[in-house]
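Quick note, the sequence shown lines up with residues 7 to 676 if you use our numbering.
Every residue gets a Cβ at the ideal spot worked out from N, C-alpha and C, and that includes glycine.
To start, the structure itself, in C-alpha cells.
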Amino acid sequence: MQQIFLIVLTGKQMVKAFFSLLTIAVLNGQVMAQDKVFSVSVNKPVAPVQPTMWGVFFEDINFGADGGLYAELVKNRSFEFTNPLMGWKVEQTPVEEGSMLIQNRADKNTANPRYARVTVNNRSRGSFTLTNEGFRGMGLKKGLRYDFSALYKMVSGTVKLYVELLDAKGNIIGSVHVLPDAQNKTWKKITADFTASATEEKGAMRLAFEGNGVIDLDMISLFPGDTWKNRPGGMRADMVQMLADMKPGFIRFPGGCIVEGYDLSQRYQWKKTVGPVEERQLLINRWNFEFAHRPAPDYFQTFGLGFFEYFQLCADIGAEPLPILNCGMACQFNSAEVMPLDQLQPYVQDALDLIEFANGAVTTRWGKLRADMGHPEPFHLKMLGVGNENWGPQYLERFKIFQQALKEKYPDIKLIASSGTAPDGERFDFLNKGLRAANADFIDEHYYRPPQFFFSNVNRYDSYPREGAKVFAGEYASHVPKTNGPEKNNWLAALSEAAFLTGLERNAAVVQMASYAPLFAHYDGWQWAPDLIWVNNLEVVGTPGYYVQKLFSLNKGTAVVPVSRDGKIIDGRDSLYATAVIDEKTKEIIVKIVNALPDAQNITLNFTGVKKLASTAEHTLLQSEDLSRVNTIQSPRAIAPQESVLKISGKKSKIVLRGYSFNVIRIKYS
Ligand code: AHR
C-alpha cells in the first residue's frame with residue numbers, strides 16, 4: 007500500500023508527501039510491531055562489485071578548481087581576464103610615484119599575451135601598490151609558509167618589491183621583499199617565501215614598489231606551503247584529503263558542462279591544459295555567465311589544474327582516471343553548435359592523443375610530454391568519456407565515429423557514452439536504444455531529482471539487461487524543493503540518496519560506476535547546489551551526502567549477496583531499504599540498511615551459508631531526527647558517522663535501526 011502511495015504522488019510536493027507518508031505508516035501500525043527478519047545469504051554471491059563502483063565527479067564549477075582545489079591564491083595572476091585588472095587594485099598616492107600599464111604581446115605569445123608594466127618613481131618604500139583580492143579573499147594561516155613568485159624582466163632602472171599579506175582590515179600579517187636583478191632583460195622567475203603571523207579567511211596580498219625604474223610583471227602568484235604532497239603550485243591539501251578519505255574507485259574530470267562549452271570555441275581542450283603553466287591559455291568559465299541569477303564575472307579557468315594534474319591526483323589516491331572529452335558538440339542548452347562530421351577528425355585525434363599522453367611510451371610525442379612534466383610511468387588510462395550530456399541523432403553519429411577510431415587503435419579502452427541530461431523521456435530512450443545497439447561499453451545516466459525520485463526509483467536497475475552496455479550513474483543528487491544553497495544538502499537529501507544507492511549496489515552487475523555531482527562548492531562563490539563538499543577559504547565541510555557516499559565507497563566489498571525479508575528484496579516496504587555484500591579479501595559481510603521512517607525499527611539479521619561469525623560486529627550509524635539538518639562550518643559533523651559495537655549470537659544479530667538512519671554493519675565470517 008505504501009508503495010502505491012509513493013507512485014501516485016511522484017512529481018508532487020515531495021517533501022510534504024514524504025511526511026504524510028510517514029504519518030500514514032505510523033497510523034497503520036506498521037512500525038515497531040515486532041522484529042523484522044532480514045536474511046543474508048552469505049554463500050550466494052550474485053554479482054561482483056567492481057573496484058570502480060563508487061567514484062567522484064569533478065568539475066570546475068562553484069569555484070571548484072580556480073579558487074578551490076587549485077591552491078593558487080592570486081586571482082587573475084596573468085592579467086588575462088576579460089578585464090585585465092579584475093581582482094587587482096592599483097593605489098598610488100601621490101600620483102607621480104608610479105604607474106601601471108597592461109601590455110599585450112599577442113603576436114609573440116598567443117597563450118599568455120598580457121602582462122603589467124610598472125613604472126616606479128620613488129626613493130624609499132613608496133605608496134605605489136598593487137593589491138590582489140584573491141578568490142573571495144585569501145585564506146591565510148598563522149605560522150604557515152607562503153610561496154610568492156612572479157615572472158619579470160627589467161626594462162630600466164632598479165625596483166624593489168615588498169610582498170605583504172593583509173588581514174581583512176588591511177593590517178600587514180606577513181611580508182618579505184625581493185630585489186629583481188636590474189640586468190635581467192628576459193622573462194625570469196623570482197621567488198620568495200615568508201610566514202603569516204595571523205589566520206585570516208578574507209586576506210589579500212599587496213605588492214609595494216620602491217626605487218626608480220620600469221619592471222614588467224606576469225604570473226604573479228602566491229601558494230600556501232601546505233599543498234597536497236607539498237607540491238609547489240599544487241592543490242589544497244584539505245580538499246584532496248576529503249577525496250582521498252573516500253578511497254574513490256575513479257575520478258571523472260573535467261566535468262560536466264565545461265567540457266561542452268557555450269560554443270565550440272569555449273569547449274575544454276586538454277592540450278591547452280598541459281605543459282608549463284604560463285603557457286596554458288586561459289578560458290572564461292562557462293559558469294561565469296550560465297545562470298543569470300548567480301553570475302560570477304570573475305570566474306575563469308587558468309588551467310593551473312590541468313589534465314596532467316588530474317591524472318596525477320588519480321595516481322596519488324588510487325583512483326582510475328576517467329577523462330571526458332568534447333565530441334564535436336557544444337552545449338545543446340546554449341549554442342548547440344556541432345562540428346560537421348567531415349571536420350570531426352581533430353576532435354577524434356585529441357582523444358587518440360590523450361590516450362598516448364596517458365599511456366604512451368616516453369618516446370612518443372605525447373608520452374614524452376607526460377615524462378617531461380614529471381611522470382615517465384604511464385597513468386594506466388582504461389576508460390574515456392565521449393561527450394557530456396549530449397543527445398539526439400547528432401550525438402549518436404558522432405559517438406560512432408569516435409568509437410570506430412578509438413577501438414581500432416585501443417580496443418581495450420572502455421568508452422563511456424552520454425544518454426543526455428535526464429534518465430527518462432524520448433531523448434533518453436532514443437540514445438539508450440541506439441547506444442546499446444552500437445555496443446557502447448558504458449552509458450552515462452544523470453539524475454538531479456527530488457528526494458521522492460530517489461526513494462521510489464530504488465528498483466530502477468532490477469530490470470535492466472545483464473548483458474551489453476553497463477551503466478555509469480555519472481551525475482546524481484537529490485534536490486530538496488524549497489531549499490537554497492548549502493541548505494539543499496540536508497539529511498533528507500542524503501537519506502534518499504542512501505536509499506537509492508542500495509538499489510545501485512544490489513544491481514552491481516549492471517551499474518559499475520557511480521558518482522554524485524557536483525563535487526565542490528565555495529560558500530561565497532557557488533552557482534549550483536546541492537554539492538557534495540562545501541568550502542570556504544580555510545575550511546572544508548563534508549555534507550551528510552558526502553558521508554553517505556564515503557560509507558558506500560569504504561564498504562563496497564567484492565561481491566553482492568542477497569538480503570531479503572519474507573523472501574523478497576528490501577526495496578522500500580515499510581520504508582526500509584537494504585543491500586549486502588561480502589568482502590572476500592577481508593572475510594567480512596557488510597549490510598547496509600536505510601530506515602526512512604521517523605521511528606526506530608527492530609531488525610533481526612539472520613546469516614545463512616556461513617560456518618561461523620565473529621561475536622561482535624561494527625555498526626556505523628548516520629542519523630538525525632531532523633530531516634532539514636545540514637553540516638556547517640560551525641558544526642561540520644552535525645551529521646557524521648558514529649561507531650558502535652553490535653553483539654552477534656550464533657548467526658543472528660539484533661539491531662535497533664534508529665529513525666531516519668543509514669546503517670552499515672560489518673561482520674567477520676569464516
Ligand atoms: O553537475 C552540474 C552540471 O549538471 C554538469 O556540469 C552537467 O553535466 C549537468 O547538467
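| Query | Result |
| --- | --- |
| Are three or more beta carbon pairs between the region 587-604 and the region 563-577 nearer than 8 Å? | yes |
| Compute the distance between the beta-carbons of F141 and G261, then report whether it is under 9 Å. | no |
| For M248, does the three-state DSSP call read helix, strand or coil? | helix |
| Okay, do the region 526-536 and the region 492-508 touch, 3+ Cβ pairs below 8 Å being the bar? | yes |
| Taking DSSP as the reference, what is the three-state secondary structure of N215? | Going by the sequence as given, residue 215 is Phe instead of Asn. Strand. |
| Got a sec: does ligand 1 put a non-hydrogen atom nearer than 8 Å to the Cβ of F63? | yes |
| Leaving aside the five residues before and after R672 along the sequence, list all residues of the same chain whose C-beta is less than 7 Å from its C-beta, in chain order. | N561, E594, I596, A623 and E624 |
| For T58, I'd like the list of residues in its chain whose CB is within less than 7 Å of its CB, leaving aside the five on either flank, ordered along the chain. | G255, F256, E326, Q518 and M519 |
| Closest by CA to L319, which one among D348, A71 and N291? | A71 |
| If you reduce the DSSP assignment to three classes, tell me which class T279 lands in. | helix |
| Give the single residue among G281, M225, L633 and K42 whose Cα lies nearest to the Cα of F87. | M225 |
| If I follow the unbroken beta strand (DSSP E) through E624, where does it start and stop? | L619 to Q629 |
| Please indicate yes or no: does the CB of G261 lie closer than 8 Å to some heavy atom of ligand 1? | yes |
| How many Å lie between N465 and G551 at the Cα? | 20 Å |
| Taking only three categories from DSSP, how would you classify V354? | helix |
| Cutting at 7 Å between CB atoms, please list the residues of its own chain near L28, excluding the five before and the five after it. | Note on L28: pLDDT 45, under 50, position unreliable in the model; the coordinate value appears next. Counting only Cβ-Cβ distances below 7 Å, and skipping sequence neighbours, we find L603 and P604. |
| Please report the residue range of the alpha helix (DSSP H) in which E65 lies. | Per DSSP, E65 belongs to no alpha helix (DSSP H) and is neither H nor E. |
| For a quick check, are the C-beta atoms of W397 and L331 less than 9 Å apart? | no |
| Short of 6 Å in beta carbon distance, which residues of its chain neighbour V184, apart from the five on each side in sequence? Order them along the chain. | L167, I196 and A198 |
| Start and end of the alpha helix (DSSP H) containing W372? | R371 to D378 |
| Give me, in chain order, the residues of the same chain whose beta-carbon lies closer than 6 Å to that of G163; leave out the 5 immediate sequence neighbours on both sides. | N218 and G219 |
| Would you kindly work out how many angstroms separate the C-alpha atoms of A214 and A250, rounded to a whole number? | 40 Å |
| Check each candidate in L557, G656 and W293 and name the one with the smallest Cα separation from K253. | L557 |
| Give me, in chain order, the residues of the same chain whose beta-carbon lies closer than 8 Å to that of F25; leave out the 5 immediate sequence neighbours on both sides. | At F25, the pLDDT of 46 sits below 50, so the modelled position is not reliable and the matter cannot be decided from this model. |
| Secondary structure at E590, three-state DSSP: helix, strand or coil? | coil |
| Between the Cα of A180 and those of Q338, P230, K191 and L387, spot the shortest distance and give me the residue it belongs to. | The displayed chain sequence assigns Gly, not Ala, to residue 180. Comparing Cα positions, the closest option is P230. |
| What would DSSP say about S659, mapped onto helix, strand or coil? | strand |
| Count the other CB atoms within 10 Å of the CB of L663; is the residue buried (16 or more) or exposed (fewer)? | buried |
| Could you check the C-alpha separation between G665 and S641 for me, to the nearest Å? | 21 Å |
| By the DSSP assignment, the alpha helix (DSSP H) with K556 in it spans what residues? | P550 to L560 |
| Entirely within the region 459-524 and at least 4 residues each: give me those alpha helix (DSSP H) ranges in chain order. | 497-512 |
| Counting C-beta neighbours from all protein chains within 10 Å, is the total for D577 16 or more, i.e. buried, or is it exposed? | buried |
| Take the Cβ of G35 as the centre, count every other Cβ of all protein chains shown within 10 Å, and call the residue buried at 16 or more, exposed below. | Its pLDDT being 37, under 50, G35 is placed unreliably in this model, and the value from its coordinates should be taken loosely. With fewer than 16 Cβ atoms within 10 Å of its Cβ, G35 is classed as exposed. |
| Please list the terminal residues of the continuous beta strand (DSSP E) segment that includes D199. | K194 to T201 |
| Residue range of the alpha helix (DSSP H) that Q318 falls in? | F313 to I323 |
| Does N601 pass the burial test, meaning 16 or more other C-beta atoms within 10 Å, or should it be called exposed? | buried |
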